[in-house]
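In terms of the numbering used here, the sequence shown opens at residue 1487 and continues consecutively.
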Amino acid sequence: MANEFDYIIIGAGSAGCVLASRLTEDANVSVLVLEYGGSDKSVIIQMPSAFSLPMNTKKYNWHYETAAEPHLDGRRLHCPRGKVLGGSSSINGLVYIRGHAYDFDQWEELGAKGWGYRNCLPYFKRAESFKFGGDDYRGDSGPLATNNGNNMQNPLYGAWVEAGAQAGYIKTEDCNGYMQEGFGAMHMTVKNGVRWSTANAYLRPSMTRPNLTVITHAMTRQILLEGKRAVGVTYDQNGVTHTVRCRREVLVSSGPIGSPHLLQRSGIGPAKVLKRAGIEVKHDLPGVGENLQDHSEIYIQFACKEPVTLNGKMGLLGKALIGLRWLLFKDGLGASNHFEAGGFIRSEAGLRWPDIQFHFLPAAMRYDGDKPFKGHGFMVLTGPNKPKSRGHVHVVSPDPYVHPEIRFNYLESEEDREGFRRCVRLTREIIGQPAMDRYRGVELAPGPEVQTDDEIDAFVRANMESTMHPCGSCRMGEDDMAVVDSELRVRGIEGLRVIDSSVFPTEPNGNLNAPTIMLAERAADLVRGRQPLPPAEVPVGLAEGWQSRQRTKAPMRKVAV
């Protein structure tokens, strides 16, 4: 193998696979991808309904854990990150939600020039191949396949959407299109019944190119610097440390935990943090590892009076039949993540765009597949989608195998705590509408006894989980705490960029795989020195009367919450 390449990409995840594919379209450019994980050729990765399995295995997951979270009674939360080809796109819940148009305009207002919605939309479209066709908002010829799973055949999905309308909210035809706000179908990254990770969509079709080299089970130790320029990396494989150099740039796509950790191990970061870990300070950059944020959620669960939920399929025989059908035909319940319907609402009047997201699931169980409800049930996964609490990723040792300290400071902000109170009460009101009457049984969680602010707060502290959407730890911007500029170049270091969700200034109002892929698509053009795609001038839907109303009309039924 050559020991010098034009580009070195660290991480074959949601962003790294996109970069590898796009950069190697230029036949005269050589690209090396280093990935610590291994192959994604596993049934539990490729079958959409099995997503809770790779998410909870050490083989495919870095198995990070937070430090004791001070506002969660000292709980330590699981922080899954993909350790496999495809990265987190190979172990996530497969949900395809881009975020609201104004999320990206907000990025630009915060200093990320050129990352407004009009600039990002063309790259969302370039990436996507939507099963139901393209339009001004959706792509129809990109590598990334998206669909609606089994198209909401379970009657609970339709009841949920109708209940949202009865509660006074909008029905949206496409939450990734003109109008995000409202209730309707959700989309997922699935093609012909198979998980369509970035490994399947981008990397695998590019593997035959002679200018692409992918090395798995390779732990990058540090980025090599000569003065203030990145010139290569060192990495471990099979117990041997290797050095490889780059002629152009090192592109760090190790994710919102891995990217700041690698920069810090390489001597790039807050001097105080580096010195405490025994690392030589080569470039004092105070924002590296700061501004860490995440979506978090609770499960609001109800018993179901009719035997129509997935809980009836959770036995060994039921799972075996689902798996067998998927193996033979790549269809049926195994071909969906089962988050086929959801919703976005504003928690109060005066908000321009939604700040609460709902994932509806026709089953009552946990993300890790543990402790399914005995009987039939359904649940709503919800949380405030524009969190104000901020945390950090701090290196604690020069040893790359020692995990960093991760603290999100969940619920530090009173605004986030109030957000969860609203989520509980608004969800109860929606489920209490007539459309759910034939299905709605007793409330299982939080339970009817949980009513006051203090009771809801205690439930949230004990049960809140990460939605697994960390970002922001290598923030893009122009101020002193920004890590990268608007072209994703590390400030003060030549030949080094960070390209993944760690550069997001704030959380988008949705799941992070889609905007991370978009970011990498646009970044590939920046790295290649190409003219960006022309901006898209399209209208963005807002709820009528948003300035003075929390929802568009009064609920059909008043529900005491």
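All C-beta atoms, glycine included, are put in the ideal place defined by N, C-alpha and C.
Distance between residue j and residue i (C-alpha atoms, nearest Å)
i	j	result
G1573	A1685	8 Å
G1775	A1921	46 Å
C1661	H1703	38 Å
K1611	G2015	20 Å
G1981	I1842	39 Å
N1678	P1932	37 Å
R1911	G1918	11 Å
R2008	I1577	24 Å
E1712	W1646	58 Å
V1529	A1835	46 Å
R1977	D1971	6 Å
R1832	T1729	51 Å
R1926	Y1643	13 Å
A1653	K1874	27 Å
K1544	L1571	14 Å
Q2017	D2011	7 Å
G1568	G1744	10 Å
S1752	R1707	8 Å
N1489	R1734	14 Å
M1851	V1866	11 Å
E1915	P1641	20 Å
H1880	D1621	43 Å
P1840	S1525	38 Å
T1868	L1813	32 Å
N1777	D1923	43 Å
G1499	M2042	45 Å
E1929	E1783	17 Å
A1501	E1792	43 Å
Selection from the options that minimises the alpha carbon distance to residue i
i	options	result
A2006	I1530, Y1493, V1504, A1488	V1504
G1829	G1585, P1746, E1551, E1891	G1585
Y1522	I1495, S1683, T1510, L1580	I1495
H1564	R1681, N1547, S1740, K1799	N1547
C1960	F1859, W2032, G1755, K1799	G1755
R1561	A1553, E1594, D1626	A1553
G1497	M1705, L1607, G1668, D1591	M1705
D1492	R1731, A1598, N1542	R1731
R1462	A1501, S1535, D1591	No statement about residue 1462 is possible, as the shown extent of the chain runs from 1487 to 2047 and does not include it.
L1607	N1697, N1633, L2019, V1794	L2019
A1821	Y1609, H1557, I1942, T1632	T1632
Residue i: first and last residue of the uninterrupted alpha helix (DSSP H) it sits in
i	result
M1606	First, the amino acid is wrong: residue 1606 is Cys here, not Met. Start and end: 1603-1613.
C1909	1900-1917
F1990	Neither: F1990 is in no alpha helix (DSSP H) and is coded neither H nor E.
C1790	Premise fails: C1790 lies in the beta strand (DSSP E), 1782-1790, not in any alpha helix (DSSP H).
Y1588	1587-1595
Q1532	1529-1532
R1926	Note, R1926: premise wrong, no alpha helix (DSSP H); beta strand (DSSP E) at 1926-1931.
L1509	1502-1509
T2002	1999-2014
A1458	Past the edges of the chain, shown from 1487 to 2047, lies residue 1458, and the structure says nothing about it.
Start and end residues, beta strand (DSSP E) containing residue i
i	result
H1557	Careful: H1557 lies outside any beta strand (DSSP E) and carries neither H nor E.
P1870	1863-1870
F1844	1842-1847
V1519	1517-1520
D1492	1490-1496
I1979	Neither: I1979 is in no beta strand (DSSP E) and is coded neither H nor E.
T1699	1698-1701
F1830	1827-1831
L1810	Element bounds for L1810: not the beta strand (DSSP E) but the alpha helix (DSSP H), 1802-1815.
A1968	That residue, A1968, is in no beta strand (DSSP E); it is neither H nor E in DSSP.
A1944	That residue, A1944, is in no beta strand (DSSP E); its alpha helix (DSSP H) goes 1939-1949.
A1631	1630-1632
Check: residue i C-beta below 8 Å from any heavy atom of the ligand COA
i	result
P1994	Questions concerning the ligand COA fall outside what the structure shown contains, since it holds no ligand whatsoever.
Is there contact between the segment 1752-1766 and the segment 2020-2038, where contact requires at least three CB pairs shorter than 8 Å?
No, the segment 1752-1766 is not in contact with the segment 2020-2038.
How about the segment 1899-1911 and the segment 1933-1946: do they share at least three Cβ pairs that are nearer than 8 Å?
Yes, the segment 1899-1911 touches the segment 1933-1946.
In chain order, what are the residue ranges of uninterrupted beta strand (DSSP E) at least 3 long that sit wholly in the segment 1639-1687?
Listed in chain order, the beta strand (DSSP E) runs fully inside the segment 1639-1687 are 1668-1671, counting runs of at least 3 residues.
Closer than 8 Å is the cut-off here; do at least three beta carbon pairs connect the segment 1886-1895 with the segment 1784-1804?
Taking a cut-off of 8 Å on C-beta distances, the segment 1886-1895 does not touch the segment 1784-1804, as fewer than three cross pairs fall below it.
How about the segment 1818-1836 and the segment 1664-1682: do they share at least three Cβ pairs that are nearer than 8 Å?
The count of Cβ pairs closer than 8 Å, one atom from the segment 1818-1836 and one from the segment 1664-1682, reaches three, so the stretches are in contact.
If contact is defined by three or more beta carbon pairs under 8 Å, each pair taking one atom from either stretch, is the segment 1700-1714 in contact with the segment 1512-1529?
The segment 1512-1529, when compared against the segment 1700-1714, does touch it at the 8 Å Cβ threshold.
In chain order, what are the residue ranges of uninterrupted alpha helix (DSSP H) at least 4 long that sit wholly in the segment 1703-1762?
Within the segment 1703-1762, the complete alpha helix (DSSP H) segments of 4 residues or longer fall at 1741-1751, 1757-1762, listed in chain order.
If you scan the segment 1873-1899 from start to end, which runs of the alpha helix (DSSP H) of 4 or more residues do you find wholly inside it?
Counting whole runs of 4 or more residues, the segment 1873-1899 contains no alpha helix (DSSP H) stretch at all.
Evaluate the contact criterion for the segment 1687-1698 versus the segment 1639-1657: three or more CB pairs, one atom per stretch, below 8 Å.
Not touching, per the Cβ criterion.
Do three or more CB pairs link the segment 1767-1783 to the segment 1967-1977 at distances below 8 Å?
Flag = yes, the segment 1767-1783 and the segment 1967-1977 touch.
Does the count of Cβ pairs from the segment 1792-1803 and the segment 1585-1599 closer than 8 Å reach three?
No, the segment 1792-1803 is not in contact with the segment 1585-1599.
Could you say if the segment 2031-2042 and the segment 1989-1996 meet the contact criterion of at least three C-beta pairs nearer than 8 Å?
As far as the Cβ criterion goes, the segment 2031-2042 does not touch the segment 1989-1996, which means the pair count is below three.
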